[in-house]
Each structure stands twice: as C-alpha cells, then as structure tokens.
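In this text, residue positions in the sequence shown follow the numbering used here: the first is 6, and each later residue adds one.
Accompanying notes for the structure given below.
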Amino acid sequence: MGISGRRALINGASAGMGKAAASLLAAEGVNLVLSARGAERLAAAALEIRGRHGVRVDTIVADHSTDEGRLRILAACPDPDIFVATCSPPPLTPDHGGISMQQWQESLATGLLSPLQFIEAVLPAMQRRRWGRIVNIATIAAKYPLELRLLSGAPRAALVNYTVAVARRVAADNVTLNNVLPGMFHTAAVHDQFSEAARRNGTSYDVEVHKFVDLHQIPARRFGDPRDVGALVTWLCSEFAGYITGQSIAVDGAATRSTF
Ligand SMILES: NC(=O)c1ccc[n+]([C@@H]2O[C@H](COP(=O)([O-])OP(=O)(O)OC[C@H]3O[C@@H](n4cnc5c(N)ncnc54)[C@H](OP(=O)(O)O)[C@@H]3O)[C@@H](O)[C@H]2O)c1
C-alpha cells in the first residue's frame, strides 16, 4: 500500500475496529502508537500485533477525552503520518428526554472534541511534510439519525462536518481526512451489550444478534467483522487513496440506503 515505515497514532486501539485497523496497518509495515484506558487489554493487543507483524508498537494508557490524556498521548507521538480516532460506542438512548447533561458532555468530549483537538495538533506537521492521512471511525448514525443513537450520532455528525471543511483546506498539501461510518459490528462493546440481553431473555448472543438483524432488516443478514472496517481504514491511509478526501463511507451491510 506504499506506507511501510510510516508511523500511525491510533486512539482507542486495544479492541474492536481500532484494534483491527492497527493490526491491518501493521501488516503493511506501519509502526504504531496505540492508546486506550485499560492497560492490560492494550498491552495484550500490542504484544499480539508486534508478534504477528514485527513492527514497532508503543502504547500509552490514557483517556483521550481528557486534556491530561491528550497531552500524554501527543507527548509520545507529536507528529504521526497517520492518525486514526475511535472510542467505544456511547450508551443507547431509548428516550431523548432521558439523556442527562453529563452524558451529552461526555459524548461530546469523546466523540467530537477529542478527535478535533488531535487533528488540530497533528495537521501542521503533516502539511509541512506534504503527506498525512486522518480517519475517524465514527458511526452510520452520523448520517442517518436515530433516537436510540443520539449520543453517538449527534457528536459525530458535527465531527463529519468539521472534517469535510478542514479536508478542503489541506487537500493541496497531500493530507486527507475521511470518515468511516460503521453499522453493526461484532466488537467487544456489542458483545457485552448483546450478551447482557441474552442473559435477560434466556437466549444466546447469536439469537439476540439475529433478532436485531430481523428487526432492523439488515440486508447482509449479519453483523460486520471489525476487519472489514480495519481494511477500509488501512486503504484510506494508503498511498493510493491520496485523491479521496472529505468523504464519509458507510460500512453497514446495506442497512441504510442512499444513491450517493
Ligand atoms: N460496534 C458497533 O456495532 C458500532 C456501531 C456503530 C458505530 N460504532 C462506532 O465505532 C467505533 C468503534 O467501536 P467499537 O465497537 O470498535 O468499540 P470497542 O470494541 O468498545 O473498542 C473501543 C476501543 O477504544 C478504547 N477507548 C474507548 N474510550 C476511550 C477513551 N476515552 N480513551 C482512550 N481509549 C478509549 C477502548 O479501550 P478502553 O475501554 O480500555 O479505553 C477500546 O480499545 C466507535 O466510534 C463506535 O461509536 C460501533
């Protein structure tokens, strides 16, 4: 993919789609700086990726939604060639009126202000070097609003807006900014959520997933594999994707419909 030897900072990289992106970038020879809050899972992910792909993998245990966490991550990796932003899905919200101000503030800090501040921090050096790739792993709810996913969709709709505007500003410097919009995926967070429903209903994880697929009529008849997103992130970070910028690409098994 033309990116061997490049350096990527991936926030939220110890599980799910962030880890899949890290692993697939490493397979292309990209050296990594990975962050997450939980030390044990992060160390295990780094060990696995290092062992499998032989690249350099540094880790920072930090909460990227806080000023303190951001400072520590950026001190360890101030000028990456590639920046990938992700986090855990925020809680589902069956009733918009039940969302507390604290929940809004937390989801804005994690889903909007954190990636925005990292992008602002890493962009100038990318522009100077005339090479940079930035990808936000956001959510399909940014494009197709859903009451159940307000805490996920609303901050990321703002992030997409920001990303597209900034992408136009830096396009001539060979720096790209894109968003991946996942539908439903088999990740740690989803596993916990659907396993809990299975316990409550006396069923199994697979049964709960199929119930969801039926209810929401997902044409692919399944949830996605995190590697599907990891591969797209890697390709958007490749040498070949330099003319693709300011885009938001759905990866959702045709759950949503839109001609463009
Ligand atoms: N899974 C889905 O079906 C689905 C659907 C639509 C959209 N999405 C979106 O896709 C993205 C990834 O979701 P996922 O399911 O892959 O999540 P996941 O499996 O929960 O993984 C999230 C990763 O981010 C880390 N993380 C979370 N909050 C963090 C913070 N504040 N600071 C540093 N690290 C943090 C987690 O580690 P620690 O917990 O140790 O920090 C973990 O490594 C999210 O933006 C989510 O909203 C997911």
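We put the CB at the ideal spot given by N, CA and C, even for glycine.
- Message: Going by DSSP in three states, isoleucine 78 sits in which element: helix, strand or coil?
- Response: Position 73 of the sequence shown, counted from the first residue, corresponds to residue 78. Residue state, collapsed to three classes: helix.
- In chain order, which continuous runs of the alpha helix (DSSP H) of length 4 or greater are located wholly inside the region 91 to 140? 106 to 113, 119 to 134
- Leaving aside the five residues before and after methionine 131 along the sequence, list all residues of the same chain whose C-beta is less than 6 angstroms from its C-beta, in chain order. Here residue 131 is taken as the residue at index 126 of the sequence shown, counted from 1. Once the five neighbours on either side are set aside, the close Cβ partners of methionine 131 are Gly137, Val180.
- Message: With three or more beta-carbon pairs closer than 8 angstroms as the criterion, would you say the region 180 to 190 touches the region 225 to 241?
- Response: yes
- Query: Is isoleucine 78 near alanine 255, with beta carbons less than 8 angstroms apart?
  - Reply: Along the sequence shown, read from residue 1 onward, the residue named residue 78 stands at position 73. Along the sequence shown, read from residue 1 onward, the residue named residue 255 stands at position 250. Not closer than 8 angstroms, so no.
- Taking C-alpha atoms, which residue in Arg135, Glu111, Asn206, Ala194 lies nearest to proline 160? If you number the sequence shown from 1, residue 160 lands on position 155. Nearest option by C-alpha distance: Glu111.
- Hey, is arginine 46 close to ligand 1, as in C-beta under 7 angstroms from one of its heavy atoms? Here residue 46 refers to the residue found at position 41 of the sequence shown. Result yes, Cβ under 7 angstroms from ligand 1.
- Flag this pair as yes or no: are the beta carbons of methionine 68 and valine 38 separated by less than 8 angstroms? Residue 68 sits at position 63 when you count from the first residue of the sequence shown. Residue 38 sits at position 33 when you count from the first residue of the sequence shown. Methionine is not the amino acid found at residue 68; the sequence shown has aspartate there. For the 8 angstroms CB-CB criterion, aspartate 68 and valine 38 do not form a contact.
- What did DSSP end up calling glycine 251 once you bin it into helix, strand or coil? Position 246 of the sequence shown, counting from 1, holds the residue named residue 251. Coil, per DSSP.
- Task: Locate the alpha helix (DSSP H) running through threonine 261, then write down its first and last residues.
- Result: Along the sequence shown, one-based indexing puts residue 261 at 256. Run containing threonine 261: none; DSSP gives neither H nor E here.
- Minimum length 3: unbroken beta strand (DSSP E) runs contained in the region 177 to 262: 180 to 187, 253 to 256
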